[in-house]
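Trainee: From first to last, the protein sequence lines are chains U and B.
So the first sequence is numbered by the working numbering: it starts at 1376 and just counts up by one.
So the second sequence is numbered by the working numbering: it starts at 60 and just counts up by one.
Beta carbons: idealized from backbone N, C-alpha and C, even for Gly.
Can you read through this structure? Questions will come right after.
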Amino acid sequence: MGADSTVILDASGVKRALTRIAHEILERNKGVDNLVLVGIRTGGVHLARELVVRVEEIEGVKVPVGEVDITLYRDDIKGHSPHMPVGKTDIPFGIEGKKVVLVDDVLFTGRTIRAAMDGVMDHGRPACIQLAVLIDRGHRELPIRADFVGRNVPTSLRENIAVNFDEAHRPTDVVLEK
Amino acid sequence: MQFKHKDIIGLQDLTKEEIQLLLDTAENMREINDREIKKVPTLRGKTVVNLFFEASTRTRTSFEIAAKRLSADTVNITASSSSVTKGETLSDTARNILAMKPDIIVMRHAVSGSHHYLAQRVSCSVINAGDGAHEHPSQGLLDMLTMRQKFGRLDGLKVAIVGDITHSRVARSNIFGLTRMGSQIFLAGPPTMMPPGIERLGNVTVCKDMREAVEGADVVMMLRIQLERQGKTLLPTLREYSRYYGLNPAVLKLARPGAMVMHPGPINRGVELSSYVADGDQSWILQQVENGVLVRMAMLYHVSGGELATE
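Structure, rendered in structure tokens:
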């Protein structure tokens, strides 16, 4: 790690944040009825699976988890960004009438979330969509906000936030890079 | 990995990594075709012109569905309804279409190399949907995707291709593509339909007898006898052809147990393929058609990005 990096959350910090988010999701939705989690590839998918484990510890129920790839829903195919390989969207359950909690690692401009919501809605009409993120770093370009936030981190546009995972896809830490 | 080509003229021009990228993208798009809403907004606002100077139902429909699944607008122009019948040159047709600002032209043409000619003259992307006896890259890709679907790999597969190799652009695209991916290709067909020197195109062995090619094969790919392209001299009778180069259960037994039977369609039943084999449980012909939409979506998607990456 370089001198220009600061650890915002270590492994236990991430764990505590996820446990709190799991409780908040259950409180807001009054339990696990009709609740499904959808992670945004790839960091969000790992976090969604962590949340499923915690929800099971609290309620004793394993809620369904899916993953959504937003590449085909991006609004910048002709833009500056490098051409991204298409990943797999896998939502192995009906979304109709479900309470969907979208999960992502970092909330930034909001464009990813917009694309993910379009992707989810192409699979059916959910009762509602909520958003859980580990880090909210600000700089929104769309009117989007998170329902559940691990940590608010004010950043400058030059900085970068990395949520790191180990080989088993468990979150290890969150680093602010300058 | 970035796809840097403006056009896809043939698999000969693509590296192993680029073919891999197209196949991976196609595989990840499979899920879209199983949705209730079979559409993603990726190519919204793009115009795809299907310019077909040769008869085609399957390929044109497949490209059209692929474009529509990605939300592109499609226009179909077929030779019988176009100004070609009024004597317009390819260059003039292209210039006129270009004036209407398409983003991608998907073309089929009877003359080998016409896509190369066109691609140099237009700023939009050109995708080859078959040029003469040269290449049919989307067919080669869908064949490879289907093989990979069953075996999980292409490396080391033994693929027999049987029939009229001379007139077959499907065979050439498969030879270029499969060689890149590390498969072995065994060709068989009547000597009048086997171009001399074909083995120089890739990892190819020419067999004298169909049985020799099929023996131990993982994939048996039968080509259509293109009755519309034949002078009578190449082929004494269809009955004789069917006897020596048709795939029936007895010949198929020589292949690996569970070998795949493939055919680019449309089938001449009872000529190159007996109905028993065509409809049997080793036939992957309909999966090929299904996979055709996927690879064409991947091609349209990647030329759209590739074109812009060069800006």
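Ignore the nearest five residues each way along the sequence and tell me which others in residue 1444/U's own chain have a CB closer than 7 Å to its CB.
Mentor: Closer than 7 Å at the Cβ level, and outside the excluded window around residue 1444/U, lie 1416, 1461, 1462, 1463 and 1464.
Trainee: Taking buried to mean at least 16 other C-beta atoms within 10 Å of its own C-beta, is residue 1389/U buried or exposed?
Mentor: Around the Cβ of residue 1389/U, a 10 Å sphere holds 16 or more other Cβ atoms; the residue is buried.
Trainee: Check whether the Cβ of residue 71/B lies closer than 8 Å to any Cβ atom in chain U.
Mentor: no
Trainee: So the candidates are 1407/U, 1383/U and 1419/U; which of them puts its Cα closest to the Cα of residue 1545/U?
Mentor: 1419/U
Trainee: Give me the residue from 153/B, 346/B, 62/B and 267/B with the minimum Cα distance to residue 207/B.
Mentor: 346/B
Trainee: Pull up the DSSP beta-bridge partners for residue 1536/U, would you.
Mentor: DSSP, once it has assigned bridges, lists 1551/U as partnering residue 1536/U.
Trainee: Could you list which residues in chain U have their beta carbon closer than 9 Å to that of residue 151/B, in chain order?
Mentor: Those within 9 Å of residue 151/B in chain U number zero; the least Cβ separation is about 29 Å.
Trainee: Pair every Cβ in the region 203–218 of chain B with every Cβ in the region 327–334 of chain B, then say whether three or more of these pairs are closer than 8 Å.
Mentor: no
Trainee: Which residue's Cα is closest to the Cα of residue 48/B: 324/B, 186/B, 295/B and 242/B?
Mentor: The structure shown does not extend to residue 48/B, since chain B spans only 60 to 370, so no value can be given for it.
Trainee: Buried or exposed for residue 159/B, going by 16 or more other Cβ atoms inside 10 Å?
Mentor: Label assigned to residue 159/B: exposed.
Trainee: Which value, in whole angstroms, describes the spacing of the CA atoms of residue 100/B and residue 1504/U?
Mentor: 20 Å
Trainee: How many angstroms separate the CA atom of residue 75/B from the CA atom of residue 1511/U?
Mentor: 40 Å
Trainee: Quick one: give me the first and last residue of the alpha helix (DSSP H) that residue 184/B is part of.
Mentor: Premise fails: residue 184/B lies in the beta strand (DSSP E), 184–190, not in any alpha helix (DSSP H).
Trainee: Would you identify the three-state DSSP class for residue 129/B, choosing helix, strand or coil?
Mentor: coil
Trainee: How many angstroms separate the CA atom of residue 173/B from the CA atom of residue 194/B?
Mentor: Just so you know, the alpha carbons of residue 173/B and residue 194/B end up roughly 11 Å apart.
Trainee: According to DSSP, is residue 1496/U part of a helix, a strand, or is it coil?
Mentor: helix
Trainee: Can you list the residues of chain U that residue 94/B reaches, using a CB-CB cut of under 8 Å?
Mentor: 1497 and 1498
Trainee: Is there a C-beta anywhere in chain U that falls below 8 Å from the one on residue 90/B?
Mentor: yes
Trainee: Beta carbons nearer than 9 Å to chain B: which residues of the region 1463–1476 of chain U have them?
Mentor: Those would be 1463, 1464, 1465 and 1466, in chain order.
Trainee: My understanding is that residue 153/B touches residue 180/B, with C-beta atoms under 8 Å, so please give their C-beta distance in whole angstroms.
Mentor: About 6 Å; that satisfies the 8 Å criterion.
Trainee: Run down chain U in chain order and give the residues with a C-beta less than 8 Å from the C-beta of residue 84/B.
Mentor: 1460 and 1461
Trainee: Is residue 100/B close to chain U, meaning its C-beta is less than 8 Å from at least one C-beta of that chain?
Mentor: The C-beta of residue 100/B comes closer than 8 Å to at least one C-beta of chain U.
Trainee: In chain B, which residues lie with their C-beta within 9 Å of the C-beta of residue 1493/U?
Mentor: 99 and 100
Trainee: For the putative contact between residue 1482/U and residue 1508/U, defined by C-beta atoms under 8 Å, what is the C-beta separation to the nearest angstrom?
Mentor: 4 Å
Trainee: With a 10 Å radius around its C-beta and 16 neighbouring C-beta atoms as the bar for buried, classify residue 198/B as buried or exposed.
Mentor: Result: buried.
Trainee: Who are the near neighbours of residue 1412/U in its chain, counting only those whose CB is closer than 7 Å to its CB and skipping five residues on each side?
Mentor: Within the same chain, residue 1412/U has close Cβ partners 1423, 1426, 1427, 1438, 1440, 1476 and 1478.
Trainee: Tell me whether the beta-carbon of residue 342/B lies closer than 8 Å to the beta-carbon of residue 336/B.
Mentor: yes
Trainee: Beta carbon of residue 1552/U, beta carbon of residue 1535/U: below 8 Å?
Mentor: yes
Trainee: Could one say the Cβ of residue 350/B lies closer than 8 Å to chain U's Cβ atoms, at least one of them?
Mentor: no
Trainee: For the region 178–204 of chain B, enumerate the residues whose C-beta is nearer than 7 Å to any C-beta of chain U, in chain order.
Mentor: Of all residues in the region 178–204 of chain B, none has a C-beta nearer than 7 Å to a C-beta of chain U.
Trainee: Given this structure, state the Cα-to-Cα distance separating residue 1523/U from residue 1393/U, to the nearest angstrom.
Mentor: 10 Å
Trainee: Identify the contact partners of residue 1447/U in chain B, using a Cβ-Cβ distance below 7 Å as the criterion.
Mentor: 99 and 101
Trainee: Any Cβ of chain U within less than 8 Å of the Cβ of residue 80/B?
Mentor: Yes, because at least one Cβ of chain U sits closer than 8 Å to the Cβ of residue 80/B.
Trainee: If you draw a straight line from the C-alpha of residue 293/B to the C-alpha of residue 222/B, how long is it?
Mentor: Distance between residue 293/B and residue 222/B, taken at the CA atoms: about 12 Å.
Trainee: Could you check what DSSP says for residue 203/B in three-state terms: helix, strand or coil?
Mentor: For residue 203/B, the three-state secondary structure derived from DSSP is helix.
Trainee: Taking the straight line between their C-alpha atoms, what separation do you get for residue 147/B and residue 249/B?
Mentor: 38 Å
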